[in-house]
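Engineer:
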Amino acid sequence: MPKFDVAKHDLERLVGKEFTVEEWEDLFLYAKCELDDIWEHEGKIYFKADAKDTNRPDLWSAEGIARQVRWALGMVRGLPRYDIEESDVIVYVDEKLKDIRPFGVYAVVEDLELDEEALKQIIQLQEKVALTLGRKRKEVAIGTFDFDKLRPPFYYKAVEPKKIEFVPLNCEREMSAEEILEEHEKGKEYGHLIKGRPYYPLLVDSEGNVLSMPPVINSETHGKVTEETKSIFIDITGWHLETIMLALNVIVTALAERGGKIRSVRVIYKDFELKTPDLTPKEFEVDLNYIKRLAGVELTDKDIKDLLERMMYEVDFVDRRAKLKYPAFRNDIMHPRDVLEDVLIAYGYNNIEPEEPELAVQGKGDDFVDFENAIRDLMVGFGLQEVMTFNLTNREAQFDKMNIPEKDIVEIENPISQKWSALRRWLLPSLMEFLGRNTHEEYPQRIFEVGKVTLIDESRETKTISESKLGVAIAHPKVTFTEAKEILDSVLRHLGAEYAIREIEHGSFISGRAGEIIVEGKKVGIIGEIHPQVLENWGVEMPVAAFEIFLRPFYKEGVF
Amino acid sequence: MELSYQEKVTLIKLRELKKVSFDKLVKETGLDQVAVMRAILWLQSKRLAKLHEKQKRIVKITELGEKYAKIGLPERRALELLVEKGKVTLEDLREVLSEDELRPIIGILRKEGWATVRKEDGVLTLELTEKGKDALTKERPIDIALKVLAEKREVEVKEIENLLPLKELKTRKIGEEDAKAEREVEITDEGLKIASEGLELKEEVSILTPELIKSGGWRNVEFKRFNIHAPVKRLYPGKKQPYRTFLDKIRRKLIEMGFIEMTVESLIETQFWNFDALFQPQNHPARDWTDTYQLKYPKYGSLPDETLVERIKASHEHGWITGSKGWGYKWDPRTAMLLMPRAHATALSARQLGKGVQIPGKYFAIQRVFRPDVLDRTHLIEFNQVDGFVVGETLTFKHLLGILKRFAVEIAGAKKVKFLPDYYPFTEPSVQMSAYHEELGWVEFGGAGVFREEMTKALGIDVPAIAWGIGIDRLAMFKLGIDDIRYLFSYDLKWLREAKLVW
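Line by line, the protein sequences give chains V and P. Using our numbering, the first residue of the first sequence is number -6, and each one after it goes up by one. Using our numbering, the first residue of the second sequence is number 657, and each one after it goes up by one.
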């Protein structure tokens, strides 16, 4: 789902080998990415990568793809190793942040040499992680700083909003917290995550300089990362330690892929202390037979070990089980199935011969759907054109424009547009809309729809039922009630139903030309000549006769 | 020799008349002009008659001539006034003459000798002569010529020239000269021979009536020849919606391939069946407010039986007995009860698995689903999804690929397919398939995966279940010849009427 840009030359210097575009297309598959687009800019080739797995942030950057490719090609095997040295950096976390944004984790990466492309990747990765894994910064907000410009130790503090003032990124003047939330582009986008709290989270250095106001914005003046930056300080805040630790691992290992040296930071909370990042490999165990049984290709234990090592696992066999270690930048292994998928990806989906299962089964269509199709065939026999319209509609179309009082209707809480804010409860408005949009087209116009209407039914699991209905509308200069009734009469005779029409007054129809259709004492539909007010509401300048009936009452189980 | 009714009538008349003008022949046969001409041409091609054409000079009446024939020549109108008053001024003549006619009138009256002209008190005055008095009852050659022209519309030049020089009619602009083809028809010896041998004449009819059939009268009539090239009225038959026909075909194919159709009673779904039963955690981004519709009314539905709910809850929270670690959060039944328009057909698969299935078994649904999106050329707000699953003790990953490939071959007519790793929250491993379509190139045609055990176990299924979905929209658009996806649910009657047949 996350899409991001990578440069071919950047990937290749990270892998240490060059490939053709076609080869890259295949190599991307190892990283669960699809090569979505290719373009050239100033003599360099760029790819758009579409990352399929929303739970693998480690694969959402050039560094991540390159790493997976090196392993998949066997240039490196087993667990990736990253050395961490301790730094003397300390971050103190304020207890008052408990209900605001309680956790922060940190790291320093040194000895970096960044060029424009590398810098672009770092920023892009931060954005994608904060957007998808971080649920639009709610769960994960990331700040990176030029470490050499900062004065540790750092303080992650809860500060009263009115006491906050600093120059936010891409601005030239000091702004108050309130101004940032009101006026700054990022403030408007993310301000809602802290707005209204008594304190706002703030990251400051030992001299009181503001580095960042997570999860909204960094400082323009203190620690902005540039191509000259050699050491990066990373700050990640959020609500769950496990999630932000994962994000930190993704970022620091990506930087390490570019030659950076990881330094840990002491994070001091009121009741406990952390040393971050923690790159201790994670562990899992699978039954080898389980993998073999589901893979569908012949695999030996050795094959499985080889394939998993190419997916960055460390594999130890104990009895019939594989004890696995996998990198700390992943947390998506929940079930042996997840391991199975890695085995298959390393094997290559396209190296597996598809085979259709031979199952002794017999197909069968739903009998009611067959019934609906029989009704459609019958209606076509009357010379009516079938239409398919949307179930989504709105109150106005269902009631006001049909000249009837409002009733219960299934309504959407968060519609994209008011036009599509309810599910229809009868078909004729849809047919009227259709006629209203075709007034320039030759008459007679005779249309029908076999479609669903959705009604409230408290007795059901979903409190609703979608019933199948037949709706018919006929428009031409000489149409009257009689023409609609002729069709209705014929349809009902074909269904073997005796019916009566009970005269009613109904706002949608001309008085004296409207009736309820009664079968076995029950209302099954409505018929009439559309009221001129309704025609006017839909912009139809032609008389219309119409009916709609429920189909379920006429359905009998097929005889076959 | 085979002769039509018209040819026979014409030939019989020709036998009588030998050589005759076309116009006269038309009158004599009593048929219409076109029919006679057609008959003559056929007869000529059969060498039974000959058509001679020559040019002749004629005089045709002009518009002015027609007008004068009705209201009288200007000099006659002036004469009438003179006779009435004895003496008139030019001013008086304005009553009966137009401005154009006024100017030359004095010259004409004097030339005819019908009036004398002099000035009285500085005003030109005309006085009736004796000749003028008599002229009222006498017809001049030009009066006769006008009468003849008015009656016949066109007259041979020589007939006019018997009365007066043609020039006069031309200068008075009441007649103009023209040329006309004069057609004469002559019977040939061969024609005479055939006509003399006797021709059986049958009545001509244009419509074969039931009476003619019942009475056997059809044996004694000729059928009028139709112009079979004439354009006809455009008809609009009753038709199924083309997208419907397309969907029906896919449905038939799936049934042929051994799939059982699943249906559901409402378009509305609980989040439980739409998400929770599919092992999608409650904080999954797809469940965000912006990506998922929620209902305002009714807001909450109910949950299925407690055992099932407990299993789903356990599966989400810690993996239950499925061998999984679970998502590690507190599952909230209230969230699962929220109602929404169904967002994917996989919800039907979950329901079916929960209800119980045949093992082995194949299931499918063609289901209307809803997504919060903007309606435009490439996006629909509701659409049909073709989705299902295959369940069986011995299923493996290569079967999953096999099922997908079969769809590509059967439904898209694809010769080549390729597979890409993919991600769905409810399947692992997951695959996306691209199919190579002759005209469209590589098309993303479907996806599949093995339903996660966290899901299937909780739903009571202990064997592998392969979920699949096929993306039919691009194929449908290709089949229907459209590049705007909204036409799948077309509100354009013209397009529906003209849409080519799909089968």
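All residues carry an ideal CB built from backbone N, CA and C; glycine is no exception.
Taking F540(V) as the query, report the chain P residues whose CB atoms sit under 9 Å from its CB, ordered along the chain.
Structural biologist: Taking the first sequence and counting its residues from 1, one reaches residue 540(V) at position 547. Chain P residues near F540(V): none, gap ~16 Å exceeds 9 Å.
Engineer: Going by C-alpha distance, which of F(-3)(V), F226(V), V84(V) and S205(V) is nearest D104(V)?
Structural biologist: As a working mapping, residue 104(V) is identified with position 111 in the first sequence. The option with the nearest alpha carbon to D104(V) is F226(V).
Engineer: Mind listing the chain P neighbours of S212(V)? Cutoff is C-beta to C-beta under 7 Å, in chain order.
Structural biologist: Position 219 of the first sequence, counted from the start, is the residue given in the question as residue 212(V). Ordered by position in chain P, no residue passes the 7 Å Cβ test against S212(V), which lies about 29 Å from the chain.
Engineer: When you check each C-beta in the region 1002 to 1020 of chain P against every C-beta of chain V, which residues fall closer than 8 Å?
Structural biologist: Listed in sequence order: Q1014, P1016, G1017 and K1018.
Engineer: Sort T222(V), A44(V) and E153(V) by Cα distance to Y192(V) and report the nearest one.
Structural biologist: In the first sequence, the residue the question calls residue 192(V) occupies position 199. Minimum Cα distance to Y192(V) is reached at E153(V).
Engineer: Using the beta-carbon of each residue, which ones in chain V are nearer than 8 Å to L923(P)?
Structural biologist: Taking the second sequence and counting its residues from 1, the one referred to as residue 923(P) is at position 267. The contacting residues are N384, L416, K445, T447, T457 and S459.
Engineer: List the residues of chain V whose Cβ lies closer than 8 Å to the Cβ of G982(P), in chain order.
Structural biologist: Counting from 1 along the second sequence, the entry for residue 982(P) is found at position 326. Neighbours of G982(P) on chain V, chain order: M327.
Engineer: Can you look up V197(V) in the DSSP assignment and give me helix, strand or coil?
Structural biologist: Within the first sequence, numbered from 1, the residue matching residue 197(V) stands at position 204. V197(V): strand per DSSP, three-state reduction.
Engineer: Would you call A837(P) buried or exposed, if buried means 16 or more other Cβ atoms sit within 10 Å of its Cβ?
Structural biologist: Your numbering for residue 837(P) matches position 181 in the second sequence. When all chains shown are included, A837(P) counts as exposed.
Engineer: Would you kindly report the start and end of the unbroken beta strand (DSSP E) that includes D30(V)?
Structural biologist: As a working mapping, residue 30(V) is identified with position 37 in the first sequence. Unbroken beta strand (DSSP E) run through D30(V): C26 to H34.
Engineer: Listing by chain order, which chain B residues have their CB less than 8 Å from the CB of W987(P)?
Structural biologist: The structure shown contains no chain B; its protein chains are V and P.
Engineer: Residues of the region 144 to 155 of chain V with a CB closer than 7 Å to any CB of chain P: list them in chain order, please.
Structural biologist: Per Cβ criterion, the list is empty.
Engineer: Does the beta carbon of R1062(P) come closer than 7 Å to any beta carbon on chain V?
Structural biologist: Counting from 1 along the second sequence, the entry for residue 1062(P) is found at position 406. Taking Cβ atoms only, chain V reaches closer than 7 Å to R1062(P), which makes this a yes.
Engineer: Along the region 396 to 407 of chain V, what residues have a CB closer than 8 Å to any CB found in chain P?
Structural biologist: Answer set for the region 396 to 407 of chain V: D401, I402, V403, E404, I405, E406 and N407.
Engineer: Assess, as a yes-or-no matter, whether the region 708 to 728 of chain P is touched by the region 820 to 833 of chain P under the definition of 3 or more beta carbon pairs within less than 8 Å.
Structural biologist: As far as the Cβ criterion goes, the region 820 to 833 of chain P touches the region 708 to 728 of chain P, which means the pair count is three or higher.
Engineer: Thinking just about the alpha-carbon of each residue, which of V527(V), D296(V) and A315(V) is nearest to the one in A390(V)?
Structural biologist: Reading the first sequence from its first residue, position 397 is the one you call residue 390(V). That would be V527(V), whose Cα lies nearest to the Cα of A390(V).
Engineer: Decide if the region 129 to 143 of chain V is in contact with the region 195 to 213 of chain V; the criterion is three or more beta carbon pairs, one per stretch, under 8 Å apart.
Structural biologist: Counting Cβ pairs under 8 Å, three or more are found: they touch.
Engineer: Please report the residue range of the beta strand (DSSP E) in which R314(V) lies.
Structural biologist: Residue numbering aside, residue 314(V) sits at position 321 when the first sequence is read from its first letter. Here the beta strand (DSSP E) through R314(V) covers R314 to Y319.
Engineer: Residues in the same chain with beta-carbon distance under 8 Å from G984(P), minus the five sequence neighbours each way, listed in chain order, please.
Structural biologist: For the purposes of this step, residue 984(P) is taken as the residue at position 328 of the second sequence. Cβ within range, chain order: E973 and H974.
Engineer: So what does G508(V) bridge to, in DSSP terms?
Structural biologist: Position 515 of the first sequence holds residue 508(V). Paired residue(s): E496(V) and I520(V).
Engineer: Starting from the N-terminal side, write out each stretch of the beta strand (DSSP E) that is 3 residues or longer and does not extend beyond the region 116 to 156 of chain V.
Structural biologist: DSSP runs (the beta strand (DSSP E)) wholly in the region 116 to 156 of chain V: 133 to 139 and 147 to 152.
Engineer: Under a three-way DSSP split, which group does I916(P) fall into?
Structural biologist: Residue numbering aside, residue 916(P) sits at position 260 when the second sequence is read from its first letter. Strand, per DSSP.
Engineer: Is any beta-carbon of chain P found at less than 7 Å from that of I338(V)?
Structural biologist: Here residue 338(V) refers to the residue found at position 345 of the first sequence. For I338(V), the answer is yes, since a Cβ of chain P falls inside 7 Å of its Cβ.
Engineer: What does A288(V) touch in chain P if you count any residue whose Cβ is under 7 Å from its own?
Structural biologist: By 1-based counting over the first sequence, the position of residue 288(V) is 295. The answer, in chain order, is T1052 and F1053.
Engineer: Express the C-alpha separation of Y39(V) and V(-1)(V) in angstroms, rounding to a whole number.
Structural biologist: Position 6 of the first sequence, counting from 1, holds the residue named residue -1(V). Position 46 of the first sequence, counting from 1, holds the residue named residue 39(V). Approximately 6 Å between the Cα atoms of the pair.
Engineer: With a floor of 4 residues, list each alpha helix (DSSP H) that falls wholly inside the region 429 to 475 of chain V, ordered by position along the chain.
Structural biologist: Fully enclosed alpha helix (DSSP H) runs of 4 or longer: not present.
Engineer: Hey, is I227(V)'s beta-carbon within less than 7 Å of any beta-carbon in chain P?
Structural biologist: The residue given as residue 227(V) occupies position 234 in the first sequence. Closer than 7 Å: no.
Engineer: Three Cβ pairs or more, each shorter than 8 Å: is that satisfied between the region 313 to 330 of chain V and the region 350 to 367 of chain V?
Structural biologist: Flag = no, the region 313 to 330 of chain V and the region 350 to 367 of chain V do not touch.
Engineer: Look at the Cβ atom of M1089(P), then the Cβ atom of F1075(P), and state whether they are nearer than 7 Å.
Structural biologist: In the second sequence, residue 1089(P) corresponds to position 433, counting from 1. In the second sequence, residue 1075(P) corresponds to position 419, counting from 1. Cβ distance < 7 Å, so M1089(P) and F1075(P) count as in contact.
Engineer: Give me the residue from G376(V), V86(V) and R418(V) with the minimum Cα distance to I261(V).
Structural biologist: Position 268 of the first sequence holds residue 261(V). Out of G376(V), V86(V) and R418(V), V86(V) has the C-alpha closest to the C-alpha of I261(V).
Engineer: For a contact meaning CB atoms closer than 7 Å, what does Q897(P) contact in chain V?
Structural biologist: Within the second sequence, residue 897(P) is the residue found at index 241, counting from 1. Near Q897(P) (Cβ distances below 7 Å), the residues of chain V are E379, V380 and M381.
Engineer: In chain order, what residues of the same chain have a beta carbon less than 6 Å from the beta carbon of A1068(P), not counting five sequence neighbours either side?
Structural biologist: Here the question's residue 1068(P) lines up with position 412 in the second sequence. A1091, H1093, F1101 and L1131.
Engineer: Mind pulling the chain P residues with CB within less than 8 Å of F375(V)?
Structural biologist: Taking the first sequence and counting its residues from 1, the one referred to as residue 375(V) is at position 382. Ordered by position in chain P, the residues that pass the 8 Å Cβ test against F375(V) are G894.
Engineer: Compare the C-beta of D1078(P) against all C-beta atoms of chain V and say whether one is closer than 7 Å.
Structural biologist: Reading the second sequence from its first residue, position 422 is the one you call residue 1078(P). Yes, D1078(P) counts as interfacial toward chain V.
Engineer: Quick one, are the C-beta atoms of S504(V) and E498(V) less than 7 Å apart?
Structural biologist: As a first step, residue 504(V) is located in the first sequence; it is residue number 511 there, counting from the start. As a first step, residue 498(V) is located in the first sequence; it is residue number 505 there, counting from the start. Taking 7 Å as the Cβ cut-off, S504(V) and E498(V) qualify as a contacting pair.
Engineer: May I ask you to list, following chain order, the residues of the region 6 to 28 of chain V that have a beta carbon less than 7 Å from some beta carbon of chain P?
Structural biologist: If the cut-off is 7 Å between Cβ atoms, the region 6 to 28 of chain V has L22, K25 and E27 near chain P.
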